[in-house]
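Residue numbers (numbering that gives the first Met the number 0): 0 to 274.
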Amino acid sequence: MKAIAQARALLSAARRVVVLSGAGVSAESGVPTFRGPDGLWRSHRAEDLATPQAFARDPRLVWEWYAWRRDVVARCEPNAAHFALARHALAHEHTVIVTQNVDGLHAEAARREAHAAGSADASRAMPLELHGSLFVTRCTTCAWRRDDRDAVDATSHETLPRCGWCGALARPGVVWFGEVLDETVLGRAFAEAAVADVCLVVGTSAVVHPAASVALATCRAGGRVIEVNPDDTPLTRHAAVTIRERAATAVPAIVSIGRSGSEVTIDRMRVGPGS
Ligand code: NAD
Ligand code: ZN
């Protein structure tokens, strides 16, 4: 397929690559997207629950939704797209994964691929999580936060998670609509995007900013955008190559071949920097 070949060629020639992923990269892992047909939870729209106002109004309802999401995601596995991206980032010092996802699947794929390659160090393939993580809980009042994969009891206000330091109500460690993103994480993402030769955009509707602007930063600096998405998005018109396929099919086809490290044969890996 022509678009696949073009994307492979662009990636082969690129020295620096930024990946910008969204909920679509995890759709084939069974994680519901916000804007697809699975976007509703008990008739609530995500946009109405993932806000500070919703949490202030009814923290129990919001925690109940996050408890459900944590539970759904905890049973999901990374798919071929997560693995291919993790392998690519482990093999290329100048590939950075930036994600809007809060599901932890890029990190899980990074850990497993590093392990499969005989290394305990997955740091190179760890994503910049622009919107935080479902598996972090933090305090509504102080700076306390912790990694947290525990089940949440949201049956009453009294059973909701509390801060381990000051005892105040705790909240999910995600960035809600209307909240400011972590400056350090966002700054790193934009800095990487601005020097990237290619921004590979996978499975995002590109309507949530500033995340979607990461791809535009690459574009503005003269880099190329490759988009993998079955549908059109506002980024499509900026893309040098558009691949109208699902992530788990398209991504492995453009960044690598096969499952094991020895079969990873993207051209850049043989002729790229450092080789
Ligand atoms: P979105 O739901 O707005 O859009 C998903 C996009 O993925 C759509 O453009 C759709 O066409 C595309 N898509 C669907 N299936 C695909 C597939 N198999 N392969 C490739 N693309 C596919 O998601 P978004 O753009 O990430 O935006 C919104 C917000 O939702 C973010 O803030 C994010 O934090 C949050 N969110 C995260 C998750 C997650 O962590 N997995 C899930 C839902 C929402
Ligand atoms: Zn606290």
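We put the CB at the ideal spot given by N, CA and C, even for glycine.
Keep in mind the model is a prediction, meaning the values are calculated, not measured.
{"Asked": "Three CB pairs or more closer than 8 Å across the region 195-203 and the region 7-19", "Found": "yes"}
{"Asked": "Assigned secondary structure, Pro-51 (DSSP; H/G/I helix, E/B strand, else coil)", "Found": "helix"}
{"Asked": "CA-to-CA distance, Gly-38 to Val-30, given in whole angstroms", "Found": "10 Å"}
{"Asked": "Heavy atom of the ligand ZN within 7 Å of Cys-75 beta-carbon", "Found": "no"}
{"Asked": "Close Cβ partners of Met-268 (< 7 Å) along its chain, the five nearest in sequence each way excluded", "Found": "With a pLDDT of 29 at Met-268, under the threshold of 50, the modelled position of this residue cannot be trusted; read the value that follows with caution. These residues qualify, in order along the chain: Ala-90."}
{"Asked": "For Thr-136 and Arg-145, believed in contact at Cβ under 8 Å, the rounded distance", "Found": "6 Å"}
{"Asked": "Check: Thr-136 C-beta below 7 Å from any heavy atom of the ligand ZN", "Found": "no"}
{"Asked": "Other residues of its chain near Leu-120: CB distance less than 7 Å, five sequence neighbours each side excluded", "Found": "Inspection of the sequence shows that residue 120 is occupied by Asp rather than by Leu. If we look at Asp-120 and ignore the five residues flanking it on each side, its Cβ neighbours are Ala-113."}
{"Asked": "Local conformation of Gly-163 per DSSP, three classes", "Found": "coil"}
{"Asked": "Among Leu-48, His-130, Gly-166, Ala-150, nearest to Thr-140 - alpha-carbon criterion", "Found": "Gly-166"}
{"Asked": "3-residue-minimum beta strand (DSSP E) runs that sit fully inside the region 55-112, ordered along the chain", "Found": "94-98"}
{"Asked": "Pairwise C-alpha distance: Thr-50 and Val-173", "Found": "10 Å"}
{"Asked": "Touch test, the region 122-132 against the region 89-105, Cβ-Cβ under 8 Å, three pairs minimum", "Found": "yes"}
{"Asked": "Phe-189 Cβ short of 7 Å to the ligand NAD heavy atom set", "Found": "no"}
{"Asked": "Every unbroken alpha helix (DSSP H) inside the region 137-218 [4 residues or more]", "Found": "182-194"}
{"Asked": "Unbroken alpha helix (DSSP H) run spanning Leu-9, endpoints", "Found": "1-12"}
{"Asked": "Beta-carbon proximity list for Gly-271, same chain, < 6 Å, skipping 5 on both sides", "Found": "In this prediction, Gly-271 scores a pLDDT of 24, lower than 50, which makes its location untrustworthy; the coordinate-derived value is nonetheless stated afterwards. If we look at Gly-271 and ignore the five residues flanking it on each side, it has no Cβ neighbours."}
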